[in-house]
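Working notes, beginning with the structure itself.
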Amino acid sequence: MNLSMSRRAMLRGALVAGAGAVLAPTLLAGTAQAYTWSRTLKQGMNGADVTELQIRVAGWAASSASQTRVSVDGDFGPGTDAAVKRFQAAYGLLVDGEVGANTQAKLNSLEQSDGSTTHFNFSDFTDRVSGTFNGGKVSAATAKENARRCMYKLEALRKKLGDKPITVNSGFRSIQHNADIGGASDSMHLYGTAADLDVPGVANKTVYEKAETCGFSGLETYNTDHQHVDSRADLGRAWWWENGTV
Ligand code: ZN
Numbered sequence: 000m001n002l003s004m005s006r007r008a009m010l011r012g013a014l015v016a017g018a019g020a021v022l023a024p025t026l027l028a029g030t031a032q033a034y035t036w037s038r039t040l041k042q043g044m045n046g047a048d049v050t051e052l053q054i055r056v057a058g059w060a061a062s063s064a065s066q067t068r069v070s071v072d073g074d075f076g077p078g079t080d081a082a083v084k085r086f087q088a089a090y091g092l093l094v095d096g097e098v099g100a101n102t103q104a105k106l107n108s109l110e111q112s113d114g115s116t117t118h119f120n121f122s123d124f125t126d127r128v129s130g131t132f133n134g135g136k137v138s139a140a141t142a143k144e145n146a147r148r149c150m151y152k153l154e155a156l157r158k159k160l161g162d163k164p165i166t167v168n169s170g171f172r173s174i175q176h177n178a179d180i181g182g183a184s185d186s187m188h189l190y191g192t193a194a195d196l197d198v199p200g201v202a203n204k205t206v207y208e209k210a211e212t213c214g215f216s217g218l219e220t221y222n223t224d225h226q227h228v229d230s231r232a233d234l235g236r237a238w239w240w241e242n243g244t245v
């Protein structure tokens, strides 16, 4: 979805009306665009809109296999700048590290009105038994937010794989469901930050290799029938790539 003309007009109106005032970015549920950017973002800035930007470019953490991630801390530093530039290059935008109208429009084009991303739905990530984000090790709201953050990394992974569709076999799991299927007792699936992927026509090893550039801090072995990815470092855990750096 592109920023509609009416939306652009609204945004301009808001900017004019808010001249001199601090404009807080807003999450507008149920509108055509779930997020409104109110200023051009660049290195040195900070705020809630920078946090949202970091979530959206987190999958562009590195250009080659690297245990590095974009900190989601609201401070636009060098890591965020580098990720923005990789995002801009990947999508054919001017590579200047500044998040102005064109880059904001591209970021918004990857978003659905409910806050999920273009190629992934929240229903891809809900517990397979209950169909909800309830019953995990964090609140349902936190699990859903972790799933949303995972989606943006998966959008980057999908792009790097040549726009190959990615199927999420398992996302969030309740403690009960995870136990029933023999999942690890402190599985990242219980927090909503993990996803088990199947990319038809692409070897797991290739998925693993691309995931090594997307800021995923947990990668289980590619020698299985799916590729597990998670963001455990965002939860304060140590990095864990089961096959090491490939
Ligand atoms: Zn898994």
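Taking the numbering used here, the leading residue of the sequence shown gets 0, the next gets one more, and so forth. Here a beta-carbon is modelled for each residue, glycine too, at the ideal position from N, C-alpha and C. Given the structure is predicted, the values throughout are model-derived calculations rather than measurements.
- Query: From Gly130, Asn222, Val198, Thr244, pick the residue whose C-alpha is nearest to that of serine 216; which is it?
  - Reply: Nearest in C-alpha terms to serine 216, of all of Gly130, Asn222, Val198, Thr244, is Thr244.
- Query: the ligand ZN heavy atoms versus the CB of asparagine 193: any closer than 7 Å?
  - Reply: Note on identity: in this sequence residue 193 is alanine, with asparagine being the wrong assignment. Correct: alanine 193 has its Cβ closer than 7 Å to the ligand ZN.
- Query: Applying the criterion that 16 or more other CB atoms from any shown protein chain within 10 Å of the CB defines a buried residue, is asparagine 133 buried or exposed?
  - Reply: By the 10 Å Cβ count, asparagine 133 comes out exposed.
- Message: Under 8 Å, with one C-beta from each stretch per pair, do the region 165-182 and the region 125-140 reach the 3-pair mark?
- Response: They touch, by the three-pair rule.
- Query: Does the count of Cβ pairs from the region 55-73 and the region 202-214 closer than 8 Å reach three?
  - Reply: Counting C-beta pairs closer than 8 Å gives three or more between the region 55-73 and the region 202-214, which meets the contact rule.
- Message: Does glycine 235 pass the burial test, meaning 16 or more other C-beta atoms within 10 Å, or should it be called exposed?
- Response: Per the 10 Å Cβ criterion, exposed.
- Residue nearest to aspartate 74 in terms of C-alpha spacing, selected from Ala64, Glu144, Met44, Arg55: Nearest option by C-alpha distance: Met44.
- leucine 189 classed as buried or exposed, judged by whether at least 16 other C-beta atoms fall within 10 angstroms: With 16 or more Cβ atoms within 10 Å of its Cβ, leucine 189 is classed as buried.
- Message: I'd like to know if the region 142-149 and the region 190-197 are in contact, where contact means that at least 3 CB-CB pairs between them fall below 8 Å.
- Response: Contact between the region 142-149 and the region 190-197 is present, because at least three Cβ pairs lie under 8 Å.
- Which same chain residues, not among the five before or five after arginine 85, have their C-beta less than 7 Å away from its C-beta? Within the same chain, Cβ atoms closer than 7 Å to the Cβ of arginine 85 are found at Trp59, Ser62, the five residues on either side in sequence being excluded.
- Message: When you measure from the CB of leucine 241 to every non-hydrogen atom of the ligand ZN, does any distance come out below 7 Å?
- Response: Leucine is not the amino acid found at residue 241; the sequence shown has glutamate there. No, the beta carbon of glutamate 241 sits no closer than 7 Å to any heavy atom of the ligand ZN.
- Roughly how many angstroms separate the alpha carbons of aspartate 72 and arginine 231, rounded to a whole number? In this model, aspartate 72 and arginine 231 are separated by some 16 Å (Cα to Cα).
- Task: Kindly list the residues whose CB is nearer than 8 Å to the CB of valine 98, restricted to its own chain and excluding five residues on each side of it in sequence; keep chain order.
- Result: Once the five neighbours on either side are set aside, the close Cβ partners of valine 98 are Trp36, Thr39, Leu40, Lys41, Leu52, Val83, Leu106.
- Query: Rounded to a whole number of angstroms, what is the C-alpha to C-alpha distance between glycine 76 and glycine 96?
  - Reply: Cα to Cα, glycine 76 sits roughly 11 Å from glycine 96.
- Between which two residues does the beta strand (DSSP E) carrying leucine 196 extend? First-last of the beta strand (DSSP E) with leucine 196: 193-197.
- Task: Just mark serine 112 as buried or exposed, buried being the case when its beta carbon has 16 or more other beta carbons within 10 Å.
- Result: A residue is called buried once 16 or more other Cβ atoms fall within 10 Å of its Cβ, and serine 112, having fewer, is exposed.
- In the DSSP assignment, what residue or residues form a beta bridge with leucine 218? Note: leucine 218 sits in a beta bridge opposite Val228, Trp240.
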